[in-house]
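Residue numbers (the UniProt record's numbering), protein chains in the order written: chain A, 1 to 84; chain B, 1 to 561.
By construction, the Cβ of each residue, glycine as well, lies at the ideal position given by its N, Cα and C atoms.
Below is one structure, written out as structure tokens, with a few remarks after it.
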Amino acid sequence: MLQSIRNFISYWYFRYLLVTELYMVEKWERTMFHIVLFIVLSVLYIFNTTIMLSLVKLLTSNLFHGGDTLQRDKLVPVMQNSEL
Amino acid sequence: MSGATLEAELYESSSKFLNGDVLASDKEIQHLKKTNGYRQDKYLNGHTLGHKPVERQKRTREVKEHFEPPTLIVAIMTHISFYILMFLGYLSQMLFPPKVIKETNRDGYRPMFDRFTAFYLRYVYRRIKDCWNYPICSVPGSEVVLKERVTNDNGWTFQFTGSKRKCLNLASYNYLGFSENTGPCSEHAIASLYKYGVTTGGTRQQNGTCEIHRQLERLMAEFLGVEDAITFGMGFATNALNIPALIAPGCLVISDEKNHASLIVGIRLSGATVKVFRHNNMKHLEKVLQEAIYYGQPKCATHTPWKKIVIIVEGVYSMEGTIVHLPQVIALKKKYKAYLYLDEAHSIGAMGRRGGGVVDYFGCDPKDIDILMGTFTKSFGSHGGYIAGTKEFISYLRQHSFASAHAWAMAPPLAAQIVSVLETLMGRDGTDEGRRRIEQLARNTRYVRLRLEQIGVIIHGCDDSPVVPILVYLYSKIAAMVRILIEHRIATVGVGYPATPLTQGRIRICLSAAHTKEQLDYALDVIEKVADELGLKYSRRPRDLTPIDYHKIKVYTEESL
Ligand SMILES: Cc1ncc(COP(=O)(O)O)c(C=O)c1O
Numbered sequence: 001m002l003q004s005i006r007n008f009i010s011y012w013y014f015r016y017l018l019v020t021e022l023y024m025v026e027k028w029e030r031t032m033f034h035i036v037l038f039i040v041l042s043v044l045y046i047f048n049t050t051i052m053l054s055l056v057k058l059l060t061s062n063l064f065h066g067g068d069t070l071q072r073d074k075l076v077p078v079m080q081n082s083e084l
Numbered sequence: 001m002s003g004a005t006l007e008a009e010l011y012e013s014s015s016k017f018l019n020g021d022v023l024a025s026d027k028e029i030q031h032l033k034k035t036n037g038y039r040q041d042k043y044l045n046g047h048t049l050g051h052k053p054v055e056r057q058k059r060t061r062e063v064k065e066h067f068e069p070p071t072l073i074v075a076i077m078t079h080i081s082f083y084i085l086m087f088l089g090y091l092s093q094m095l096f097p098p099k100v101i102k103e104t105n106r107d108g109y110r111p112m113f114d115r116f117t118a119f120y121l122r123y124v125y126r127r128i129k130d131c132w133n134y135p136i137c138s139v140p141g142s143e144v145v146l147k148e149r150v151t152n153d154n155g156w157t158f159q160f161t162g163s164k165r166k167c168l169n170l171a172s173y174n175y176l177g178f179s180e181n182t183g184p185c186s187e188h189a190i191a192s193l194y195k196y197g198v199t200t201g202g203t204r205q206q207n208g209t210c211e212i213h214r215q216l217e218r219l220m221a222e223f224l225g226v227e228d229a230i231t232f233g234m235g236f237a238t239n240a241l242n243i244p245a246l247i248a249p250g251c252l253v254i255s256d257e258k259n260h261a262s263l264i265v266g267i268r269l270s271g272a273t274v275k276v277f278r279h280n281n282m283k284h285l286e287k288v289l290q291e292a293i294y295y296g297q298p299k300c301a302t303h304t305p306w307k308k309i310v311i312i313v314e315g316v317y318s319m320e321g322t323i324v325h326l327p328q329v330i331a332l333k334k335k336y337k338a339y340l341y342l343d344e345a346h347s348i349g350a351m352g353r354r355g356g357g358v359v360d361y362f363g364c365d366p367k368d369i370d371i372l373m374g375t376f377t378k379s380f381g382s383h384g385g386y387i388a389g390t391k392e393f394i395s396y397l398r399q400h401s402f403a404s405a406h407a408w409a410m411a412p413p414l415a416a417q418i419v420s421v422l423e424t425l426m427g428r429d430g431t432d433e434g435r436r437r438i439e440q441l442a443r444n445t446r447y448v449r450l451r452l453e454q455i456g457v458i459i460h461g462c463d464d465s466p467v468v469p470i471l472v473y474l475y476s477k478i479a480a481m482v483r484i485l486i487e488h489r490i491a492t493v494g495v496g497y498p499a500t501p502l503t504q505g506r507i508r509i510c511l512s513a514a515h516t517k518e519q520l521d522y523a524l525d526v527i528e529k530v531a532d533e534l535g536l537k538y539s540r541r542p543r544d545l546t547p548i549d550y551h552k553i554k555v556y557t558e559e560s561l
């Protein structure tokens with residue numbers, strides 16, 4: 001059972017290496033690539049969760065949480081028009 | 001410019017070059033016009049002397065061409081992984097500069113060697129170099145013995161292990177299986193050694209011509225059904241050195257996109273203008289021809305016609321496995337009065353009921369093709385090249401070609417090998433061996449192509465072409481496949497950039513008449529297994545899984561047309 005899972009993982013790791021051309025590079029290059037990939041992805045993650053998310057929150061909070069009477073006023077005539 | 005004057009001008013300009021006789025006096029031209037069957041109203045096919053107008057071919061073949069583009073996701077993945085490879089290559093070049101010879105004290109000079117080529121060879125090709133340039137130590141017949149080697153530094157250097165490995169040979173251009181060291185052909189070659197020696201020691205024009213060359217040329221002309229032929233010691237040089245003898249600046253060459261390097265070298269040497277048409281695309285060829293005739297030479301006074309227009313195509317394209325649409329090319333050539341140069345390197349011997357190349361395969365008239373070129377390196381198990389055509393044309397080449405004036409004549413044993421192969425193919429040796437081989441090759445080809453289609457890999461080319469490229473796209477997959485197949489004792493060739501576009505790597509299988517069904521079955525079973533393992537079943541076409549009976553495959557009978 002354990003063996004078959006290990007086989008499965010090693011086979012698909014091999015397939016992954018094939019389609020990314022990592023199969024033919026040296027070991028340290030493979031490791032290097034994975035480290036670089038990991039760094040890029042984690043930087044992206046941090047960027048998204050901290051900066052992007054707060055920015056998006058700031059910009060769109062009005063849309064979702066109302067509080068602004070002006071916006072509601074604008075919506076009303078539109079509703080009436082569509083009923084007509 | 002009206003059509004009539006255009007045609008007249010074309011005729012005038014081409015008649016000057018008839019038989020390459022540039023300085024022909026008016027009188028001679030008049031004479032040629034007469035022998036040409038030249039008629040003012042209908043100028044038919046006048047470039048070949050003494051040749052009747054050709055009726056429509058009864059036996060035309062429909063060539064079925066397989067081409068399956070990769071799915072979008074495969075194409076995208078191929079590109080991304082190529083960039084990964086480049087990134088890692090540049091990274092490792094930067095961190096560990098290669099220990100190769102560097103030019104020093106060269107301040108201010110540009111590097112001598114092309115940067116990208118050097119980079120490509122060191123950081124892409126070097127990593128999988130063990131899949132190519134295998135040293136062999138046997139005749140490359142249906143089986144070949146590879147000398148094993150190992151590398152301890154990722155492909156920079158190799159050491160022999162001393163062991164050998166006998167492999168099924170799917171890598172050689174040994175189409176008819178004449179690459180043997182026993183049998184009547186090699187015996188004839190050996191016997192000629194005692195008569196003529198190893199080499200001629202001279203060019204064809206100076207001391208190099210032996211009786212056997214003449215015999216070979218007569219036989220070749222007869223085999224091809226033309227008037228005369230000339231042979232050279234090397235196939236590449238046949239193209240590279242004869243094209244400049246035929247074409248000069250002011251001529252237009254219309255060349256297929258996938259033409260072999262030797263043709264391209266020849267065209268460049270000649271200094272003619274080149275227009276390239278899309279691979280095997282007759283519509284595009286016609287468009288290029290029309291434009292050439294409408295607009296004439298761009299740099300001259302308005303509408304100066306081209307001195308002559310030459311279409312250069314190959315019979316079987318060795319990287320694509322496709323066959324030229326010869327009947328259509330001939331029709332276009334006649335319509336627009338262009339010359340046709342056909343390179344039959346891979347098709348002579350391998351195609352057609354008599355082994356006469358694509359001309360024979362399509363049942364065309366060999367006299368419709370102005371310049372028939374081919375090599376002896378493939379099907380004939382020898383070396384060298386030939387050009388065949390009309391008597392006048394060949395005499396012109398004998399005098400004016402660089403290859404006949406400055407390149408050594410073909411070695412007599414090689415010529416003897418070709419002579420006996422030709423005799424076998426023509427049935428002059430009193431056996432049925434030639435026909436048997438041609439049919440075996442055709443049957444093997446059909447069988448392997450049908451089976452590969454069932455397996456679900458993408459193969460390119462026509463049903464009858466003995467070169468079968470299996471698309472695998474990625475370098476890693478080329479390397480993995482070649483390595484695994486050698487593990488299983490099958491030798492194949494991987495092809496990548498620069499022989500193919502960057503992201504269209506492929507494994508090429510060359511079939512041979514020497515392969516038996518058992519060998520092919522073994523190879524196909526292994527390929528099926530490997531294709532599953534590596535994920536090569538890219539084809540999205542529906543498959544027909546009815547088992548194929550090898551012995552019932554019809555080749556060169558009326559039904560197989
Ligand atoms: C189309 C074509 N022409 C010419 C040649 C050159 O022939 P050779 O190998 O005999 O020099 C080749 C060889 O690969 C070829 O494929």
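Quiz item: Going along the chain, which residues of its own chain have a beta-carbon closer than 6 Å to the beta-carbon of residue 354 of chain B, five neighbours each way excluded?
Solution: Taking the second sequence and counting its residues from 1, one reaches residue 354 of chain B at position 354. Cβ within range, chain order: 360.
Quiz item: Using a Cβ-Cβ cut-off of 7 Å (strictly less than) and excluding sequence neighbours within five positions of residue 123 of chain B, which residues of its own chain qualify?
Solution: The residue given as residue 123 of chain B occupies position 123 in the second sequence. Shown here for residue 123 of chain B: same chain residues with a beta carbon closer than 7 Å to its own, the five before and five after excluded, namely 89, 92 and 93 in chain order.
Quiz item: Quick one: which chain B residues come within Cβ less than 7 Å of residue 24 of chain A?
Solution: The residue given as residue 24 of chain A occupies position 24 in the first sequence. Within chain B, the residues near residue 24 of chain A are 127, 128, 475, 476 and 479.
Practice problem: Can you grab the Cα-Cα spacing for the pair residue 491 of chain B / residue 144 of chain B, in whole Å? | Solution: Within the second sequence, numbered from 1, the residue matching residue 491 of chain B stands at position 491. Within the second sequence, numbered from 1, the residue matching residue 144 of chain B stands at position 144. Roughly 8 Å separates the two Cα atoms.
Quiz item: Which stretch, first to last residue, makes up the beta strand (DSSP E) that contains residue 481 of chain B?
Solution: Within the second sequence, residue 481 of chain B is the residue found at index 481, counting from 1. Annotation for residue 481 of chain B: no beta strand (DSSP E) segment contains it, though the alpha helix (DSSP H) segment containing it runs 475-487.
Exercise. Would you check whether ligand 1 has a heavy atom nearer than 7 Å to the C-beta of residue 402 of chain B?
Key: By one-based count along the second sequence, residue 402 of chain B stands at place 402. No; taking the cut-off as 7 Å, the Cβ of residue 402 of chain B has no heavy atom of ligand 1 nearer than that.
Quiz item: What span of residues does the alpha helix (DSSP H) with residue 295 of chain B cover, start to end?
Solution: Here residue 295 of chain B corresponds to residue number 295 of the second sequence, with the count starting at 1. For residue 295 of chain B, the enclosing alpha helix (DSSP H) stretches over residues 282-295.
Quiz item: Taking 8 Å as the CB-CB limit, is residue 163 of chain B close to chain A?
Solution: Residue numbering aside, residue 163 of chain B sits at position 163 when the second sequence is read from its first letter. Residue-level contact by beta carbon fails for residue 163 of chain B and chain A, as no gap is shorter than 8 Å.
Quiz item: With DSSP run on the structure shown, which of helix, strand or coil describes residue 56 of chain B?
Solution: Along the second sequence, read from residue 1 onward, the residue named residue 56 of chain B stands at position 56. A caution first: residue 56 of chain B carries a pLDDT of 43, below 50, which makes its placement in the model unreliable, though a value can still be read off. Residue 56 of chain B falls in the coil class under three-state DSSP.
Quiz item: For residue 55 of chain A, does the three-state DSSP call read helix, strand or coil?
Solution: Looking up residue 55 of chain A in the first sequence gives position 55. Correct three-state label for residue 55 of chain A: helix.
Quiz item: Based on Cα-Cα distance, which residue from B/86, B/416 and B/270 lies nearest to residue 192 of chain B?
Solution: Here residue 192 of chain B refers to the residue found at position 192 when the second sequence is read from its first residue. When B/86, B/416 and B/270 are compared, the shortest CA-CA separation from residue 192 of chain B is found for B/416.
Quiz item: residue 56 of chain B: buried (16+ other C-beta within 10 angstroms of its C-beta) or exposed?
Solution: Translated into the one-based positions of the second sequence, residue 56 of chain B becomes position 56. For residue 56 of chain B, the pLDDT reaches just 43, beneath the cut-off of 50, and the residue's location in the model is therefore unreliable, although a value from the coordinates is still provided. Answer is exposed; the Cβ neighbour count stays below 16.
Quiz item: Along chain B, which residues have their Cβ under 8 Å away from the Cβ of residue 18 of chain A?
Solution: Residue numbering aside, residue 18 of chain A sits at position 18 when the first sequence is read from its first letter. Within chain B, the residues near residue 18 of chain A are 474, 476, 477, 480, 534 and 535.
Quiz item: Would you call the region 361-370 of chain B and the region 328-343 of chain B in contact, with 3 or more CB pairs under 8 Å?
Solution: Between the region 361-370 of chain B and the region 328-343 of chain B, the count of C-beta pairs closer than 8 Å reaches three or more; the two stretches touch.
Exercise. List the endpoints of the continuous alpha helix (DSSP H) containing residue 407 of chain B.
Key: Taking the second sequence and counting its residues from 1, the one referred to as residue 407 of chain B is at position 407. Premise fails: residue 407 of chain B is in no alpha helix (DSSP H) and is neither H nor E.
Practice problem: Specify whether the region 224-238 of chain B and the region 375-393 of chain B touch according to this definition: at least 3 beta carbon pairs, one from each stretch, less than 8 Å apart. | Solution: Here the region 224-238 of chain B lies against the region 375-393 of chain B, with 3 or more beta-carbon pairs under 8 Å apart.
Self-check item: Check your reading: residues with Cβ closer than 6 Å to ligand 1 heavy atoms
Solution: Residues flagged by the Cβ proximity filter: B/234, B/235, B/236, B/239, B/260, B/262, B/314, B/318, B/343, B/345, B/346, B/375, B/377 and B/385.
Quiz item: Is it right to say residue 535 of chain B is buried, meaning 16 or more other beta carbons lie within 10 angstroms of its own, or is it exposed?
Solution: As a position in the second sequence, residue 535 of chain B is number 535, starting the count at 1. Exposed: under 16 other Cβ atoms inside 10 Å.
Exercise. Give, in chain order, every residue of the region 29-44 of chain A whose Cβ lies closer than 8 Å to some Cβ of chain B.
Key: Closer than 8 Å at the C-beta level to chain B, one finds these residues of the region 29-44 of chain A: 29, 32 and 33.
Exercise. Please check if any C-beta of chain B sits within less than 8 Å of the C-beta of residue 15 of chain A.
Key: Residue mapping note: residue 15 of chain A aligns to position 15 of the first sequence, counting from 1. Judged by the 8 Å Cβ criterion, residue 15 of chain A is in contact with chain B.
Exercise. Please list the residues of the region 141-164 of chain B that have a C-beta atom closer than 9 Å to any C-beta atom in chain A, keeping them in chain order.
Key: The residues in question are 154.
Practice problem: Please classify residue 158 of chain B: does DSSP put it in a helix, a strand, or coil? | Solution: For the purposes of this step, residue 158 of chain B is taken as the residue at position 158 of the second sequence. The answer is coil: DSSP assigns residue 158 of chain B none of H, G, I, E or B.
Quiz prompt | Through-space distance from residue 283 of chain B to residue 17 of chain B, alpha-carbon basis | solution = Here residue 17 of chain B refers to the residue found at position 17 of the second sequence. Here residue 283 of chain B refers to the residue found at position 283 of the second sequence. Unreliable positioning characterises residue 17 of chain B in this predicted model, as indicated by a pLDDT of 40, which lies under 50. The coordinate reading is nonetheless provided below. Residue 17 of chain B and residue 283 of chain B: Cα-Cα distance of roughly 28 Å.
Quiz item: Can you tell which of B/158, B/253 and B/125 has its C-alpha closest to the C-alpha of residue 478 of chain B?
Solution: On the second sequence, residue 478 of chain B is found 478 positions in, with the first residue counted as 1. It is B/125.
Quiz item: What does a CB cutoff of less than 7 Å around residue 489 of chain B pick up in its chain, not counting 5 residues either side in sequence?
Solution: Here the question's residue 489 of chain B lines up with position 489 in the second sequence. Non-local beta-carbon contacts of residue 489 of chain B in its own chain, meaning distances under 7 Å to residues more than five positions away in sequence, involve 165, 166, 167 and 168 in chain order.
Quiz item: With DSSP run on the structure shown, which of helix, strand or coil describes residue 116 of chain B?
Solution: Within the second sequence, residue 116 of chain B is the residue found at index 116, counting from 1. If DSSP states are grouped into helix, strand and coil, residue 116 of chain B belongs with the helices.
Exercise. Give the residues of chain A in contact with residue 539 of chain B, contact being defined as C-beta atoms less than 9 Å apart.
Key: What you label residue 539 of chain B is simply residue 539 of the second sequence in a count that begins at 1. Within 9 Å Cβ-Cβ: nothing; residue 539 of chain B doesn't reach chain A, min ~17 Å.
Quiz item: If you check the beta carbons only, do residue 241 of chain B and residue 402 of chain B fall under 8 Å apart?
Solution: On the second sequence, position 241 is the one that residue 241 of chain B refers to. On the second sequence, position 402 is the one that residue 402 of chain B refers to. It is a contact, given that the beta carbons lie within the stated cut-off.
Quiz prompt | N-terminal and C-terminal residue of the alpha helix (DSSP H) that residue 77 of chain B is part of | solution = Here residue 77 of chain B refers to the residue found at position 77 of the second sequence. Unbroken alpha helix (DSSP H) run through residue 77 of chain B: 72-95.
Quiz prompt | Helix, strand or coil at residue 461 of chain B according to DSSP, with G and I counted as helix | solution = Your numbering for residue 461 of chain B matches position 461 in the second sequence. Three-state result, residue 461 of chain B: strand.
Practice problem: Taking residue 148 of chain B as part of the alpha helix (DSSP H), name the residues at either end of that continuous run. | Solution: By 1-based counting over the second sequence, the position of residue 148 of chain B is 148. Note, residue 148 of chain B: premise wrong, no alpha helix (DSSP H); beta strand (DSSP E) at 143-150.
Practice problem: Provide the residue(s) that pair with residue 339 of chain B in DSSP beta bridges, ordered along the chain. | Solution: On the second sequence, residue 339 of chain B is found 339 positions in, with the first residue counted as 1. According to DSSP, which records beta bridges pairwise, residue 339 of chain B is partnered with B/310.
Quiz item: For chain A, is any of its Cβ atoms less than 8 Å away from the one on residue 73 of chain B?
Solution: Within the second sequence, numbered from 1, the residue matching residue 73 of chain B stands at position 73. Taking Cβ atoms only, chain A never reaches closer than 8 Å to residue 73 of chain B, which makes this a no.
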